[in-house]
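Each number in my numbering comes from the position in the sequence shown (counting from 1) with 176 added on.
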Amino acid sequence: MFYEAKTNQHNLAHDPFKAIISPRPIGWISTLSKDGIANLAPYSFFNAVGENPKMVIFGSVGIKDNARNIADTGEFTCNFASDNLKEAMNLSSADCPPEVSEFEFANVEKAPGQMVKCPRVANAYASLECKLVEIINPLDIDGNRSNNYLILGQVVGIHIAEEAIVDGRFDVTLTKPVSRLGYMDFNTVDNVYPMMRPPYEE
Ligand SMILES: Cc1cc2nc3c(=O)[nH]c(=O)nc-3n(C[C@H](O)[C@H](O)[C@H](O)COP(=O)(O)O)c2cc1C
177 MFYEAKTNQH NLAHDPFKAI ISPRPIGWIS TLSKDGIANL APYSFFNAVG ENPKMVIFGS
237 VGIKDNARNI ADTGEFTCNF ASDNLKEAMN LSSADCPPEV SEFEFANVEK APGQMVKCPR
297 VANAYASLEC KLVEIINPLD IDGNRSNNYL ILGQVVGIHI AEEAIVDGRF DVTLTKPVSR
357 LGYMDFNTVD NVYPMMRPPY EE
């Protein structure tokens, strides 16, 4: 089958787009509003986009509370969404009004940031403290303003729980990151294997 993305006439019960780009890591993003309300929500349009300096990006479909807080404060934290916290992570996606903290709504314990003012998830195996580099609100190919807000941040501080380090490595078989697939589906890492990059041979 083939269909044009713009018309989206796939004739399937549900849009397959996000299932095709899966699994997607989940950035469980925390921020602080300018009024001091701690905000928390998962974003699966999320990834690392460089390591020197370390940068991450996430996509907010419209200006949601986290995007507004980041525009106001220039700071955010990406908390590691692990299998043991997945219910709380999902709860924190509820459409709470800006004056309601999802930390309280989803019963998630806060811990203070070290290099940013926004709190992090105390029980997360890892958290990346970030400073805003740029918010990009691109035009589409027809020159129309899109509803995509791409939030690019530079990682300035990294928290790792001691128990997550096994033999000197952040152990994903122990921490079990949760990722987003298509539809309402999720996935947990349970099968890890190494694969070496080949040397170039003519
Ligand atoms: C696993 C998961 C991933 C999500 N990913 C995104 C995303 O990438 N972009 C987005 O705009 N909303 C995403 N959402 C929805 C937001 O979490 C939801 O709109 C939330 O209320 C936004 O919170 P905020 O307004 O406090 O920032 C996702 C929800 C879930 C459960």
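Quick reminder that beta carbons are idealized off the backbone N, C-alpha and C, glycines included. All of these numbers come straight from a predicted model, not from anything done at the bench.
Taking 6 Å as the cut-off, is the beta-carbon of residue i closer than that to any non-hydrogen atom of ligand 1?
i	result
A300	no
K194	no
V232	no
Y376	no
A224	no
V365	no
Does the beta-carbon of residue i have 16 or more other beta-carbons within 10 angstroms, so that it is buried, or is it exposed?
i	result
G289	buried
I312	exposed
F256	buried
N260	exposed
N367	exposed
E378	exposed
L304	buried
R356	buried
S322	exposed
Y359	exposed
H335	buried
I196	exposed
G319	exposed
I317	exposed
Looking at the C-beta of residue i, does it have a partner C-beta in chain C at a distance below 7 Å?
i	result
D241	Absence of chain C from the displayed structure is noted, only one protein chain being present.
Under 8 Å Cβ to Cβ from residue i, same chain only, skipping five residues before and after it: list those, please.
i	result
K240	A217
M231	A224, V225, V309, L328, G329, Q330 and V331
G250	K307 and L308
P295	S206, L208, A214, T253, F279, K286, A287, P288 and G289
T349	V365, D366 and V368
A270	E278, F281 and A282
Take residue i and list the residues in its own chain whose beta-carbon comes closer than 6 Å to its own, dropping the five residues that flank it on each side.
i	result
T351	S258, Y301 and A340
N363	P199, S355 and L357
Please go through the same chain and pick out, in chain order, the residues whose beta-carbon is closer than 7 Å to the beta-carbon of residue i, but skip the five residues on each side of it.
i	result
D361	none
N245	T207, L208, S209 and N215
N299	L261 and E285
* Taking the runs of the alpha helix (DSSP H) that are 4 residues or longer, which of them lie wholly in the segment 190-244? -> 193-196, all fully within the segment 190-244.
* To do: List in chain order: all unbroken alpha helix (DSSP H) runs of 4+ residues lying wholly within the segment 246-299.
  => 262-267 and 278-281
* Asked: Along the chain, which unbroken stretches of the alpha helix (DSSP H) at least 4 residues long are found entirely within the segment 293-362?
  -> 348-351
* To do: Please write down, chain order preserved, every residue whose beta carbon lies under 5 Å from a heavy atom of ligand 1.
  => Ordered along the chain, the selected set is N215, A217, P218, Y219, S220, F221, S236, V237, K240, D241, N242, S269, D271 and R356.
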